[in-house]
Amino acid sequence: MKNDGVRVLRILGREYSVKAPAGEEGALQEAAALLQAEISANKQKFPYVTANELLLLSALNLCARQLAPREDEGDEGEAVQRLTALNRRILAHLQSQD
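Heads up, the sequence shown is in full-length UniProt numbering, so the first residue is 1 and it goes up one at a time.
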């Protein structure tokens, strides 16, 4: 079995094997790092929430930032579309793990 594009991401202390399209592995790693940073920040703010609530809260915060109007709307372009698609794939993968 070929492991091209497969990355192991560690989120909330759990490892996930996720296959990324060729050339998108770095973006996947960055997305996972961004999510983990958001989780860590929310964990400090809300130390008593469950892991699932923490993940949901963090994902919603990141999505809200992404949807918020921006001052530099012209710079959205391809990068935002790629991150949105990556976010959908990650969420679909996480949902399939349940």
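Every residue, glycine too, gets a C-beta built ideally from N, C-alpha and C.
Checking 7 Å against the spacing of the C-beta atoms, do residue i and residue j come in under that value?
i, j, result
"G5", "A27", "no"
"R7", "E25", "yes"
"S58", "E38", "yes"
"L54", "K43", "yes"
Which same chain residues, not among the five before or five after residue i, have their C-beta less than 8 Å away from its C-beta?
i, result
"V80", "Q66"
"L83", "A27, A31, Q66"
Leaving out five residues before and five after residue i in sequence, what residues of the same chain have Cβ atoms less than 6 Å from its Cβ?
i, result
"R89", "none"
"E15", "V8"
"L62", "E38"
Under a Cβ-count criterion, where at least 16 other Cβ atoms within 10 Å of its own Cβ denotes burial, should residue i be classed as buried or exposed?
i, result
"N52", "exposed"
"M1", "Summary for M1: the model assigns pLDDT 42, below 50, so the residue's position carries little reliability; its value from the coordinates is reported in the next sentence. So M1 ends up on the exposed side."
"L86", "buried"
Of all the options the options, which has the alpha carbon lying nearest to the alpha carbon of residue i?
i, options, result
"G13", "E24, Y48, A32, G23", "A32"
"L94", "N42, L35, V49", "L35"
Just checking: is the beta-carbon of residue i within a distance shorter than 7 Å of some beta-carbon in chain D?
i, result
"V6", "Annotation note: the requested chain D is absent from the structure, which comprises a single protein chain."
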